[in-house]
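Engineer: Let me give you the structure first, and then I'll get to my questions.
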């Protein structure tokens, strides 16, 4: 075909196609880069937001836990004090101690000590600062209030701060056994954070930390007391607001029965128990209920949509209290500026990529024309039309190199055509030869391994533990086989097929295979001991070894090949391994393999000829015991 045959519509389309390809590739690359960049930036922004919100949440959680620990420490100190008395001459000293602790822990509204006689001594901050003493009598209680200056006043003499400003006394029906903090502590028989209850003096909801303790009185009788610290829910909400003041989000504490006991998003104190059914907290609680995570002991991090805004949420479980701390923050408030910066960066990137695409299209025109001419030259070379080939000058270095390469190819073929007729060259080029399946006979030693009872083991184990054990087992076996010259042909579930003598000839293959089997069994003992210590299932490996002639090589289909070995020796080795189950053995070898050992390893002949599954003739088998005793 002449050069003129390459002119026309088809080659003009080729020029258009190359330009389209370059445009499409550049456009796709640009879009992928932009999309990936935007995706990565959004992921980074999301992670930054989640991390920032997690920091705020953790700060609130740490402060709440510190408050709880401080309260628990104060109550524990009172309960462990050897001289706590509610009445009598020592009652004044106990009152002073309670008042001092109330001064040092401004988070607490009252500290109470109650005896199993029904007597109570209290240091009260709210509604009025006072020392309140309740002596239980028959059918009624006598209350005495010693009113004090505010415990929150700093400075001055300690005695003056404790001085009584006025006293009042009256009868009441106060009974500590009917108080929530007393009843729950006695029921728990240990320290407990109570459910919300109504304080008798201030008529406000509160939670308390109560701890029972035991004393021996002067007559030697064992008496019980309960020490308690109460915090009103309004005070607790104030504390939560103070703890979260350094961040931009809000926080709330939920009780184990899903009531709000403290929150920072409302300025008013909590006066009554309410469910979190409204606002952002209500949406968060509904999400957790739907996911079955409300009151869960594990920490959670998620996001929700509420009234067109997106919020980042963190929750955590507070130990000992069964409370759940919930924190939320507006994503726009936290990340709005950063997201706008990412968007502007995306727009700038798209602009630069558009400019790069335009330049790429302009440069492509410098390439497509010379390539069309060189394609005509290549076609002529392919048809062995080697005379008077044109030269395509170009300023593009790669096109110059291609032009030189085609010219050298044409000269080489022209020289070769002087020795071989052109028709024969064309025939050789047209026919060619493709790689196909092939194999050759050789004598090898084959080993099959299997894990005893693997089906029942796999049914009783989680998949991740099973994969982990199989991986450890295969790594161990592969290392041993490699040290002794074995080549793993394939892994078959829990079994392994190993060849000695293929693909390369191997001297003393029988002995090497048997030594590898002995070493594998010994190594499995150590590995099983390690697994037993971890509470895992043991693997008992069974081995079958046979020596014989096979066809080894590249086998398979025309488009899918692999190196393997086939033949009766392979089937026999597999059946020998399976005979371990019937014979109750661990390692079996054939007579052909036994002869190759020449007595260098300890064996035991199986007296009865073994009938192998799928074979008509019986075989002489030997149990491989280990190294020959010295």
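Residue numbers (the working numbering): -19 to 610.
We put the CB at the ideal spot given by N, CA and C, even for glycine.
These figures come from a predicted structure and were not determined experimentally.
Is the segment 263 to 278 touching the segment 148 to 163, taking contact as three or more C-beta pairs under 8 Å?
Structural biologist: no
Engineer: Can you find at least 3 beta carbon pairs, one from the segment 116 to 135 and one from the segment 185 to 204, that sit closer than 8 Å?
Structural biologist: no
Engineer: Who are the Cβ neighbours of residue 207 in its own chain at under 6 Å, not counting the five residues just before and after it?
Structural biologist: On the chain shown, position 227 is the one that residue 207 refers to. Within the same chain, residue 207 has close Cβ partners 55, 58, 59, 93, 191.
Engineer: What runs of the beta strand (DSSP E), each 3 residues or longer, lie entirely inside the segment 166 to 206?
Structural biologist: Scanning the segment 166 to 206 for uninterrupted beta strand (DSSP E) segments of 3 residues or longer gives 185 to 196, listed from N- to C-terminal end.
Engineer: Classify residue 360 as buried or exposed, calling it buried when 16 or more other Cβ atoms lie within 10 Å of its own Cβ.
Structural biologist: Looking up residue 360 in the chain shown gives position 380. Classification for residue 360: buried.
Engineer: Compute the distance between the beta-carbons of residue 522 and residue 470, then report whether it is under 9 Å.
Structural biologist: Within the chain shown, residue 522 is the residue found at index 542, counting from 1. Within the chain shown, residue 470 is the residue found at index 490, counting from 1. No. Outside cutoff.
Engineer: Measure the C-alpha to C-alpha separation of residue 431 and residue 493 and round it to an integer number of angstroms.
Structural biologist: As a first step, residue 431 is located in the chain shown; it is residue number 451 there, counting from the start. As a first step, residue 493 is located in the chain shown; it is residue number 513 there, counting from the start. Straight-line Cα distance between these residues: approximately 18 Å.
Engineer: Does residue 607 pass the burial test, meaning 16 or more other C-beta atoms within 10 Å, or should it be called exposed?
Structural biologist: Within the chain shown, residue 607 is the residue found at index 627, counting from 1. So residue 607 ends up on the exposed side.
Engineer: Nearest to residue 106 by CA position, among 114, 451, 230, 180, is which residue?
Structural biologist: Your numbering for residue 106 matches position 126 in the chain shown. Out of 114, 451, 230, 180, 180 has the C-alpha closest to the C-alpha of residue 106.
Engineer: Identify every residue that forms a DSSP beta bridge with residue 528.
Structural biologist: Reading the chain shown from its first residue, position 548 is the one you call residue 528. Beta-bridge pairing links residue 528 to 424.
Engineer: Which whole-angstrom value describes the C-beta separation of residue 574 and residue 583, a residue pair presumed to lie in contact below a C-beta threshold of 8 Å?
Structural biologist: In the chain shown, residue 574 corresponds to position 594, counting from 1. In the chain shown, residue 583 corresponds to position 603, counting from 1. Yes, residue 574 and residue 583 are in contact; Cβ-Cβ is about 6 Å, under 8 Å.
Engineer: On the three-state DSSP scale, how would you describe residue 369?
Structural biologist: As a first step, residue 369 is located in the chain shown; it is residue number 389 there, counting from the start. Residue 369: coil per DSSP, three-state reduction.
Engineer: In three-state terms, what does DSSP make of residue 619?
Structural biologist: For the chain, the structure presents residues -19 to 610; residue 619 sits outside this window and is missing.
Engineer: When DSSP labels each residue in this structure, what does residue 255 get in the three-state scheme?
Structural biologist: The residue given as residue 255 occupies position 275 in the chain shown. Reduced to three states, the DSSP call for residue 255 is coil.
Engineer: Alpha carbon to alpha carbon, how far is residue 302 from residue 53? Give it in angstroms, no decimals.
Structural biologist: On the chain shown, residue 53 is found 73 positions in, with the first residue counted as 1. On the chain shown, residue 302 is found 322 positions in, with the first residue counted as 1. If you take the alpha carbons of residue 53 and residue 302, they lie about 18 Å apart.
Engineer: On the DSSP bridge list, what partners appear for residue 210?
Structural biologist: For the purposes of this step, residue 210 is identified with residue 230 of the chain shown, where counting begins at 1. Answer by DSSP bridge pairing, in chain order: 90, 188.
Engineer: Can you look up residue 474 in the DSSP assignment and give me helix, strand or coil?
Structural biologist: Taking the first residue of the chain shown as position 1, residue 474 is located at position 494. Here residue 474 sits in coil by DSSP.
Engineer: Would the beta-carbon of residue 426 fall within 9 Å of that of residue 550?
Structural biologist: Translated into the one-based positions of the chain shown, residue 426 becomes position 446. Translated into the one-based positions of the chain shown, residue 550 becomes position 570. In terms of Cβ geometry, residue 426 and residue 550 form a close pair [threshold 9 Å].
Engineer: Please name the residue or residues paired with residue 583 in a DSSP beta bridge.
Structural biologist: Taking the first residue of the chain shown as 1, we reach residue 583 at position 603. Note: residue 583 sits in a beta bridge opposite 604.
Engineer: Can you tell me where the alpha helix (DSSP H) with residue 617 in it begins and where it stops?
Structural biologist: Given that the chain is displayed from residue -19 to residue 610, the structure contains no residue 617 and the question cannot be resolved.
Engineer: Rounded to whole angstroms, how far is the Cβ of residue 476 from the Cβ of residue 457, which I believe are closer than 8 Å?
Structural biologist: Position 496 of the chain shown, counted from the first residue, corresponds to residue 476. Position 477 of the chain shown, counted from the first residue, corresponds to residue 457. Contact flag correct, Cβ pair sits at about 6 Å.
Engineer: Figure out for me which residue from 511, 77, 501, 274 has the closest Cα to the Cα of residue 238.
Structural biologist: Counted from its first residue, the chain shown places residue 238 at position 258. Checked all of 511, 77, 501, 274; the closest Cα to residue 238 is 274.
Engineer: Classify residue 558 as helix, strand or coil using the three-state DSSP reduction.
Structural biologist: Numbered from 1 along the chain shown, position 578 holds the residue referred to as residue 558. Residue state, collapsed to three classes: helix.
Engineer: If you draw a straight line from the C-alpha of residue 221 to the C-alpha of residue 9, how long is it?
Structural biologist: To locate residue 221, count along the chain shown from 1; it is residue 241. To locate residue 9, count along the chain shown from 1; it is residue 29. The straight-line gap from Cα to Cα measures roughly 50 Å.
Engineer: Is the CB-CB distance between residue 90 and residue 165 below 9 Å?
Structural biologist: For the purposes of this step, residue 90 is identified with residue 110 of the chain shown, where counting begins at 1. For the purposes of this step, residue 165 is identified with residue 185 of the chain shown, where counting begins at 1. The Cβ-Cβ distance between residue 90 and residue 165 does not fall below 9 Å.
Engineer: DSSP puts residue 106 in a beta bridge; with which residues?
Structural biologist: Here the question's residue 106 lines up with position 126 in the chain shown. Answer is none; residue 106 lacks a bridge partner.
Engineer: If you reduce the DSSP assignment to three classes, tell me which class residue 321 lands in.
Structural biologist: Looking up residue 321 in the chain shown gives position 341. Reduced to three states, the DSSP call for residue 321 is helix.
Engineer: Whole-angstrom Cβ separation of residue 421 and residue 379, contact assumed at under 8 Å?
Structural biologist: Here residue 421 is taken as the residue at index 441 of the chain shown, counted from 1. Here residue 379 is taken as the residue at index 399 of the chain shown, counted from 1. The Cβ separation is near 54 Å, so there is no contact.
Engineer: What's the C-alpha gap between residue 75 and residue 213?
Structural biologist: Numbered from 1 along the chain shown, position 95 holds the residue referred to as residue 75. Numbered from 1 along the chain shown, position 233 holds the residue referred to as residue 213. For residue 75 and residue 213, the distance between alpha carbons rounds to 25 Å.
Engineer: For residue 74, name the three-state secondary structure that DSSP assigns.
Structural biologist: Translated into positions along the chain shown, residue 74 becomes position 94. Looking at residue 74 - three-state DSSP - the assignment turns out to be helix.
Engineer: Please classify residue 184: is it buried, with 16 or more other beta-carbons within 10 angstroms of its beta-carbon, or exposed?
Structural biologist: Residue 184 sits at position 204 when you count from the first residue of the chain shown. Taking all protein chains in view, the Cβ of residue 184 is crowded by 16 or more other Cβ atoms within 10 Å, so the residue is classified as buried.
Engineer: Residue 284 to residue 243, Cα distance in whole Å?
Structural biologist: Mapped onto the chain shown, residue 284 falls at position 304. Mapped onto the chain shown, residue 243 falls at position 263. When rounded, the distance between both Cα atoms is 19 Å.
Engineer: Taking buried to mean at least 16 other C-beta atoms within 10 Å of its own C-beta, is residue 377 buried or exposed?
Structural biologist: In the chain shown, the residue the question calls residue 377 occupies position 397. That one is exposed.
Engineer: The beta strand (DSSP E) that contains residue 232, what's its start and end?
Structural biologist: Position 252 of the chain shown holds residue 232. Here the beta strand (DSSP E) through residue 232 covers 230 to 234.
Engineer: So, under 8 Å CB-CB, residue 241 and residue 95 are touching, yes? Tell me the CB distance rounded to an integer number of Å.
Structural biologist: Taking the chain shown and counting its residues from 1, one reaches residue 241 at position 261. Taking the chain shown and counting its residues from 1, one reaches residue 95 at position 115. So it is not a contact: roughly 29 Å between Cβ atoms.
Engineer: Going by DSSP, name the residue or residues bridged to residue 123.
Structural biologist: Mapped onto the chain shown, residue 123 falls at position 143. Answer is 114, 150, bridged to residue 123.
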